[in-house]
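Data block below; observations after.
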Amino acid sequence: MPELPEVEIIKKSLQKNVLFKKIDNVLIKNRNLRFKIQRNFKKLIVGKKIINITRKSKYLIVHLEKNCFLIFHFGMSGTLHLIRNNNMHHTNLSFYNCKILPKKHNHVEFFFSSFKIVYNDPRRFGFLKFLFSYNELKNFFNNIGPEPLESNFNFNYIKKKLRNKKKNIKNLLLDQKFVSGLGNIYVNEILYYSKINPNIRGKYINNYKIKQIIKYSKEILKKAIKKGGSTIKDFKNVGGKIGSFQKEFKVYNRENRNCLRKDCSGKIERIVISNRSTFMCKYCQK
DNA sequence: AAGAGGCCCTGATAGC
DNA sequence: TGCTATCAGGGCCTCT
1 MPELPEVEII KKSLQKNVLF KKIDNVLIKN RNLRFKIQRN FKKLIVGKKI
51 INITRKSKYL IVHLEKNCFL IFHFGMSGTL HLIRNNNMHH TNLSFYNCKI
101 LPKKHNHVEF FFSSFKIVYN DPRRFGFLKF LFSYNELKNF FNNIGPEPLE
151 SNFNFNYIKK KLRNKKKNIK NLLLDQKFVS GLGNIYVNEI LYYSKINPNI
201 RGKYINNYKI KQIIKYSKEI LKKAIKKGGS TIKDFKNVGG KIGSFQKEFK
251 VYNRENRNCL RKDCSGKIER IVISNRSTFM CKYCQK
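For the first sequence, the positions run 1 to 286 when my numbering is used.
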């Protein structure tokens, strides 16, 4: 679910709320996530102060004192919620708009002096991982490709990576080892803006198309962040802030609707690539 | 070695 | 109403 922009939004709201605060207690309600939460997880975290909050691709990184780190990955359905002590006032820190703390699937609660942060993940594709040193952190991201917003995602890098690649461009853009942070929504949008057929093999992506991919991946991600990310599924209790980039979708979830490009009379089609929904206009994307 | 496919989960929705 | 099937923003593992 959460792709780079959505994790960026979570990062910003956490920075606003928990930076330089001490974690007083940790309650583990369910260890079962993609990877089981470490046995000594609580012991490692309780009493430590949060000294920084950053993000790398779709990972949220909480920097704790004593040179250790807490990594969050949100999988398809992971969310964070802030609950205040006094009136149980609830703030959703994620792109899901949920006014009330979900009753089911709260995995971990982090207690601060006047509120708690709850990690909730129905599908359990996300995970939390404690890292013991900066070195471990560096190794953790060793095999992850550059983000579209970073300068090393450039023409020469992509050109080299696409050489002789038989894999289609859609799967390549979803491959976090090639470029990190993109998911199904943003890849669909980037390929539409770049006028590229998602089924084209990497090796047939010409220089012009490479430049378009660079341009639009940056543009779309920046705009999505500005709009607060994309909120696909609203919970029933609406209120408060939600992302609005879904209103800007040109192809994602727009099957059978008109192509929005000027002078194009095509309709958006839904095809399946590697078992995942792919939306495109076959007249625009060649 | 690269690439395709299965699989890990729950929940919402559509169709009968 | 209650079944079944399908779909969902991800990525790891295994097999060829």
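For each residue, glycine too, the CB sits at the ideal point set by N, CA and C.
Cβ separation of F130 and R34, assumed to be a contact under 8 Å, to the nearest whole Å: Incorrect: roughly 15 Å between the Cβ atoms, too far for contact.
With a 10 Å radius around its C-beta and 16 neighbouring C-beta atoms as the bar for buried, classify I158 as buried or exposed. buried
Nearest by alpha-carbon distance to V18: which of V118, K282, N40, K103 is it? V118
Run through the DSSP bridge pairs and tell me what H73 is partnered with. Y59, F127
Backbone CA spacing between I271 and N168 [nearest angstrom]: 14 Å
In terms of alpha-carbon separation, which member of S57, K43, H81, R201 lies closest to N143? S57
With 16 other Cβ atoms within 10 Å as the buried cut-off, status of Q15: exposed
Does the contact criterion of 3 or more C-beta pairs under 8 Å hold for the stretch 41-59 versus the stretch 177-184? yes
Since V13 is in the alpha helix (DSSP H), which residue starts that stretch and which ends it? Val is not the amino acid found at residue 13; the sequence shown has Ser there. It spans 4-18 - the alpha helix (DSSP H) in which S13 sits, taken as one unbroken run.
Any idea if M280 is buried or exposed, counting beta-carbon neighbours within 10 angstroms, 16 or more meaning buried? buried
How big is the Cα-Cα spacing for Y252 and A224? 14 Å
Anyone know if the C-beta pair for F72 and L137 falls short of 8 Å? no
Taking I156 as part of the alpha helix (DSSP H), name the residues at either end of that continuous run. Residue 156 is actually Asn in this sequence, not Ile. Unbroken alpha helix (DSSP H) run through N156: 155-162.
Does the stretch 39-53 come close enough to the stretch 72-85 to have 3 or more Cβ pairs within less than 8 Å? no
Excluding the five sequence neighbours on either side, which residues of its own chain have a C-beta within less than 7 Å of the C-beta of I220, listed in chain order? Y186, E189, I190, Y193
Do G243 and I9 come within 8 Å of each other at the CB atom, strictly closer than that value? yes
In three-state DSSP terms, what is K267? strand
C-beta atoms of N184 and S277 nearer than 8 Å: yes
With the cut-off set at 8 Å, would you say P146 and N152 are in Cβ contact? yes
Whole-angstrom C-beta distance between V108 and V7, which should lie under 8 Å: Going by Cβ atoms, the distance from V7 to V108 rounds to 17 Å, so no, they are not a contact pair.
First and last residue of the uninterrupted beta strand (DSSP E) at N92: 90-92
Member of R201, I51, K170, R84 whose CA lies at the smallest distance from the CA of C68: I51
Taking C-alpha atoms, which residue in R163, T91, S114 lies nearest to N206? R163
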